[in-house]
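Undergrad:
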Amino acid sequence: MHETSEPKKMLILYIMDILWKYSDAEHTLTYNDIIRILDEKYNMVAERKAVRRNLFNLKDFGFDVEWDETVRKPVGVKDKEQTESVVHSNFYLNRTFEDCELICLLDMVAGNKDLPVNIRQELAGKLLELGSNMFAGDQRRVKRNIMPAAENRQVLLSLEVTHEAVHKNRKVRFQLRKVKVDPLKLEPYTETTEVTVTPLGTEYTCGNYYLSSLKDGKQRKYRLDMITDVKITDEKGEEVSPFAAPAKVLAEFAFDSCLYEEIKEQAEKMRMVGADDEGRIKAVGVVSTDDFKKWVISKGDKVNVTAPAPLVNDIKGCLEKALARYA
4 MHETSEPKKM LILYIMDILW KYSDAEHTLT YNDIIRILDE KYNMVAERKA VRRNLFNLKD
64 FGFDVEWDET VRKPVGVKDK EQTESVVHSN FYLNRTFEDC ELICLLDMVA GNKDLPVNIR
124 QELAGKLLEL GSNMFAGDQR RVKRNIMPAA ENRQVLLSLE VTHEAVHKNR KVRFQLRKVK
184 VDPLKLEPYT ETTEVTVTPL GTEYTCGNYY LSSLKDGKQR KYRLDMITDV KITDEKGEEV
244 SPFAAPAKVL AEFAFDSCLY EEIKEQAEKM RMVGADDEGR IKAVGVVSTD DFKKWVISKG
304 DKVNVTAPAP LVNDIKGCLE KALARYA
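Written as structure tokens, this is what we have:
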């Protein structure tokens with residue numbers, strides 16, 4: 004045995020590091036495994052009793068260390084007077100995220116075009132550190148399709164500033180970019196306006212971050228990649244009232260059966276009540292008027308809304324305007 008180059012008080016930290024790097028539910032460690040890694044990687048010699056004591060201390064301190072317990076019964080003549088003993092084996096750290104959950108997060112980071120590529124690579128590296136060395140090694144061999152970054156590189160800063168404003172209940176002021184096309188030159192140009200709102204939070208929908216906010220008592224959403232120069236003001240945020248929430252109504256509609264999974268996302272408390280003459284499913288559910296209207300229009304003749312009348316007329320008016328453009 005060689006002399007250890009580190010004090011014994013570091014043993015518990017090294018054991019925790021070993022569990023973090025080399026164990027998970029699929030890769031467990033024995034006492035001998037931990038003793039071997041301590042010697043090879045940390046230049047520390049430890050006895051089985053010391054390893055056992057520190058593993059139990061980690062558990063007592065609140066770390067989610069798991070192991071198997073096996074009851075060993077006396078079997079030999081010499082063991083008859085001995086009592087049963089418990090053998091511990093297969094130690095591992097129970098992680099916050101399962102491997103499949105980390106894979107989902109890695110894929111989401113790779114496909115988030117609102118963030119610069121270097122930021123996504125940095126985030127992916129941090130996610131890999133949440134798994135074991137075996138998981139990180141496997142995932143580094145996976146070729147992920149990195150979406151091109153958006154032109155606006157201030158998205159991460161905008162996220163940070165708006166969430167700070169939400170915490171402080173302050174309004175934010177920013178420059179809102181709108182890209183339009185000059186009808187004479189047939190070239191796109193950017194039009195910028197200053198906007199002041201009360202931020203309510205951010206959400207990630209359909210590949211884009213949106214800032215949900217209040218402006219003059221009405222709820223509005225702004226794409227974060229179209230926002231720059233976000234600053235917190237000294238003005239107190241607007242009071243959030245029930246009237247600021249998106250308008251919702253109880254709607255009656257019929258839809259092609261192939262849209263069942265999509266309609267469940269659009270209608271809360273949906274209840275199917277029968278079928279119409281064309282074999283479409285008749286149902287009722289609570290919907291957000293603006294979002295539901297846009298979704299219905301995007302589905303063409305696959306959805307038919309029959310109530311309430313204001314929503315029906317609104318959808319009909321949009322479709323008539325669209326049809327008139329083809330007259």
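FYI, the numbering for the sequence shown is 4 to 330, going by my numbering. Each residue gets a CB set at the ideal place from its N, CA and C atoms; glycine is no exception.
Since I38 and I18 should fall inside the 8 Å C-beta cutoff, what is the C-beta to C-beta distance between them, to a whole number of angstroms?
TA: No, I38 and I18 are not in contact; Cβ-Cβ is about 10 Å, not under 8 Å.
Undergrad: Starting from E268, trace the alpha helix (DSSP H) both ways and give me its first and last residue.
TA: 263 to 269 is the extent of the alpha helix (DSSP H) around E268.
Undergrad: To the nearest angstrom, report how far apart V74 and L214 are at their CA atoms.
TA: 57 Å
Undergrad: Roughly how many angstroms separate the alpha carbons of E6 and M47, rounded to a whole number?
TA: Summary for E6: the model assigns pLDDT 47, below 50, so the residue's position carries little reliability; its value from the coordinates is reported in the next sentence. Using only the alpha carbons, I get a separation of about 8 Å.
Undergrad: How would you label M13, buried or exposed, when you count the other beta carbons within 10 angstroms and need 16 or more for buried?
TA: exposed
Undergrad: Pull up the DSSP beta-bridge partners for P191, would you.
TA: Per DSSP, the beta bridge partners of P191 are V184.
Undergrad: Return the residue from the list S135, G114, G128 that minimises the CA-CA distance to E101.
TA: S135
Undergrad: When you compare only the Cα positions, how much space is there between R274 and G65?
TA: 46 Å
Undergrad: Does the Cβ-Cβ distance between R173 and K239 come in under 8 Å?
TA: yes
Undergrad: Under 7 Å Cβ to Cβ from F256, same chain only, skipping five residues before and after it: list those, please.
TA: A286, V306, N307, V308, T309
Undergrad: Look up S26 in the DSSP assignment and say whether it is helix, strand or coil.
TA: S26 falls in the coil class under three-state DSSP.
Undergrad: Just checking my contact of L179 with V198 at CB under 8 Å: how many whole Å lie between their CB atoms?
TA: Correct: roughly 5 Å between the Cβ atoms.
Undergrad: Per DSSP, K71 is paired with what?
TA: The question names Lys, yet the displayed sequence has Asp at residue 71. Beta-bridge pairing links D71 to S92.
Undergrad: Is it right to say F258 is buried, meaning 16 or more other beta carbons lie within 10 angstroms of its own, or is it exposed?
TA: buried
Undergrad: Just to confirm the assignment, what range does the beta strand (DSSP E) spanning K171 have?
TA: Element bounds for K171: not the beta strand (DSSP E) but the alpha helix (DSSP H), 158 to 171.
Undergrad: So what does DSSP say about A310, is it helix, strand or coil?
TA: strand
Undergrad: Hey, is H91 close to the ligand PLP, as in C-beta under 7 Å from one of its heavy atoms?
TA: Among the components modelled here there is no ligand, and therefore nothing to report on the ligand PLP.
Undergrad: Figure out for me which residue from V182, K181, V164 has the closest Cα to the Cα of A205.
TA: Reading off the sequence shown, one finds Thr at residue 205, where the question assumed Ala. Cα-wise, what sits closest to T205 is V164.
Undergrad: In the DSSP assignment, what residue or residues form a beta bridge with A286?
TA: F256, M275
Undergrad: Is it right to say G320 is buried, meaning 16 or more other beta carbons lie within 10 angstroms of its own, or is it exposed?
TA: The residue in question, G320, is exposed, as its Cβ has fewer than 16 Cβ neighbours within 10 Å.
Undergrad: Mind reading off the beta-carbon distance from V175 to V233? Whole number of angstroms is fine, and I expect it under 8 Å.
TA: 6 Å
Undergrad: Between the stretch 27 to 35 and the stretch 91 to 99, do three or more beta carbon pairs fall short of 8 Å?
TA: Flag = yes, the stretch 27 to 35 and the stretch 91 to 99 touch.
Undergrad: Quick check: E3 and V289, are their CB atoms within less than 8 Å of each other?
TA: Beyond the ends of the chain as shown, which are 4 and 330, falls residue 3; an answer cannot be given.
Undergrad: Within the continuous alpha helix (DSSP H) that includes D141, where are the two ends?
TA: 136 to 143
Undergrad: State the beta-bridge partners of I230 as determined by DSSP.
TA: L179
Undergrad: For K296, report the span of its alpha helix (DSSP H) as first-last.
TA: 292 to 301
Undergrad: What's the gap between the Cα of V184 and the Cα of F295?
TA: V184 and F295 have their C-alpha atoms spaced approximately 29 Å apart.
Undergrad: Label D117 either buried or exposed according to how many other C-beta atoms from any shown protein chain fall within 10 Å of its C-beta, with 16 as the threshold for buried.
TA: buried
Undergrad: Helix, strand or coil, according to DSSP, for V48 in the structure here?
TA: coil
Undergrad: With distances taken between CB atoms, is the gap from A127 to A139 smaller than 8 Å?
TA: no
Undergrad: Return the CA-CA distance between K76 and K52, expressed in angstroms with no decimal places.
TA: K52 has its alpha-carbon roughly 21 Å from the corresponding atom of K76.
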